[in-house]
Amino acid sequence: MAEATTLRKKHEDQGYILQKESALSKAIVAELRQRRGHTAFQWVKGHQGHDLNELADELAGKAAEKSRGNRVSTKVPDRLVVTGARLDAMTQALAYKAIRQRRDAATDPRPRTVKTVKYVLSDLKTDFGADLHERTLWTSLRKKDLITKEARQWMWMVLHDAYWIGNKWLEASMPADLQDRAFCTHCNSLEDMTHILFACEEPGREIVWDLLTEHWQNAGGPLIAPTWGSVLGAACVPIVDDEGARKTTLERRWTILATESAHLIWKLRCERVIGRENEPFSEIEVRNRWYATLDRRLDLERRYAALTEGRKRAKRLHAVEAIWAPLIQDDEDLPPNWVEKCGVLVGICRTPYDRLGQG
Ligand SMILES: [Zn+2]
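Using the working numbering, the first residue of the sequence shown is number 94, and each one after it goes up by one.
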């Protein structure tokens, strides 16, 4: 309510540029100005049995369960409209923000992006009870210590549905002889990203997900099925203990394994279609690629942590050890400082199947 009382003058002077719910605030202020009587506000402590506060809580609870929000009119009568910012309240930073806001408002989100983002957010909600804003998903892609640059770029392209696959080949402007490319040569289904990551019957896809699941669960992770939410939203997946506290080491481990695995499925698919004339990879080839990917990643994390200087160093070494130790071979035989000791050779623990295969 501060928006309508103590902060009102500041926001009006600044033309509401820094305020997120400006339409709503402006409507409330206009509503108050229209009243003939004097309006007084009194603060009450929440959840303390105050009748009207309880009622407001109840109404808010009901509204939150609705499948779509109510339309609230934020129209302000012309005579009460306050436009622009006061010149003496304007700074260069404020002006820059105002320009950015106008530009952002003018660009509509792409329908294809809206659709994929919806897949991810609704999976995260159904599977993990995480009710997240789109912004959280986009910021999660910036976790540089968890998602490699290549995987980040790939996820960004996937979320924008920007790859030339599936029904893009069926657009009217496409020459008829290229329309076959819309379909998976292995299964004859439409080859969109859902097909490539979660449905294609080409064996490599399933082998990668099985390897991920096996290693993830062996290292103490709860069962997580690969979906749009758990993979493209990998850095948003909440993992909690019985008391509801976040298990950040597990969350980080999931983000690394899920994004590396998904990106590998995409790379294998592209190599198969473009470089191998659709000749599938053998099981051994796929398994070796998965181990090579994760071994390389572990190597990179160790070297990066060892090169870190100053206050962050100990924290970083500890994080790498916590995330990776349960995933590596013979971790109980390792010297205590294995993360930073470059002479110590470590690799992802091979499953009994892979040990036999190589022995
Ligand atoms: Zn397929």
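A virtual CB, placed ideally from N, CA and C, is assigned to each residue, including glycine.
Comparing alpha-carbon positions, which option in the options lies nearest residue i?
i, options, result
"residue 278", "362, 132, 175", "362"
"residue 255", "435, 207, 404, 385", "207"
"residue 335", "292, 100, 315, 140", "315"
"residue 379", "365, 120, 126", "365"
"residue 391", "414, 400, 401", "414"
"residue 460", "402, 446, 387", "Because residue 460 is not part of the residues shown, which for the chain are 94 to 452, the question remains open."
"residue 241", "345, 101, 408, 423", "345"
"residue 416", "342, 434, 285", "342"
"residue 229", "327, 141, 397", "327"
"residue 337", "181, 221, 103, 112", "221"
"residue 360", "340, 382, 349", "382"
"residue 367", "305, 350, 274", "274"
"residue 287", "191, 181, 251", "251"
"residue 324", "141, 263, 215", "215"
"residue 136", "175, 163, 95", "95"
"residue 374", "300, 447, 411", "300"
"residue 446", "412, 271, 307", "307"
"residue 171", "272, 270, 120", "120"
Are residue i and residue j close, meaning C-beta to C-beta below 8 Å?
i, j, result
"residue 354", "residue 302", "yes"
"residue 165", "residue 123", "no"
"residue 217", "residue 293", "no"
"residue 331", "residue 157", "no"
"residue 428", "residue 437", "yes"
"residue 347", "residue 309", "yes"
"residue 433", "residue 398", "yes"
"residue 376", "residue 296", "yes"
"residue 282", "residue 276", "yes"
"residue 289", "residue 358", "yes"
"residue 239", "residue 349", "yes"
Does the beta-carbon of residue i have 16 or more other beta-carbons within 10 angstroms, so that it is buried, or is it exposed?
i, result
"residue 319", "buried"
"residue 405", "exposed"
"residue 233", "buried"
"residue 298", "buried"
"residue 138", "exposed"
"residue 134", "exposed"
"residue 452", "Caution is warranted here: a pLDDT of 44 is assigned to residue 452, below 50, making its placement in the model unreliable, and the coordinate value is therefore given only provisionally. Exposed, by the Cβ-count rule."
"residue 395", "buried"
"residue 352", "buried"
"residue 107", "buried"
"residue 284", "buried"
"residue 178", "buried"
"residue 356", "buried"
"residue 104", "buried"
"residue 118", "buried"
"residue 409", "buried"
"residue 192", "exposed"
"residue 180", "exposed"
"residue 420", "buried"
"residue 305", "buried"
"residue 113", "exposed"
Near residue i, what residues of its chain come up, given a Cβ to Cβ distance below 8 Å and the 5 sequence neighbours on each side ignored?
i, result
"residue 194", "110"
"residue 253", "203, 205, 206, 209"
"residue 422", "439, 440, 441, 442, 443"
"residue 116", "167"
"residue 339", "331, 332, 333"
"residue 313", "343, 419"
"residue 132", "125"
"residue 271", "262"
Leaving aside the five residues before and after residue i along the sequence, list all residues of the same chain whose C-beta is less than 7 Å from its C-beta, in chain order.
i, result
"residue 212", "321"
"residue 126", "173"
"residue 98", "134"
"residue 245", "234"
"residue 146", "137, 139"
Spatial neighbours of residue i within its chain, please: CB distance less than 6 Å, with the 5 preceding and 5 following residues excluded, ordered by chain position.
i, result
"residue 384", "441"
"residue 401", "409"
"residue 190", "110"
"residue 227", "210"
For ligand 1, enumerate in chain order all residues having a CB closer than 5 Å to any of its heavy atoms. Qualifying residues come out as 277, 279, 280, 293.
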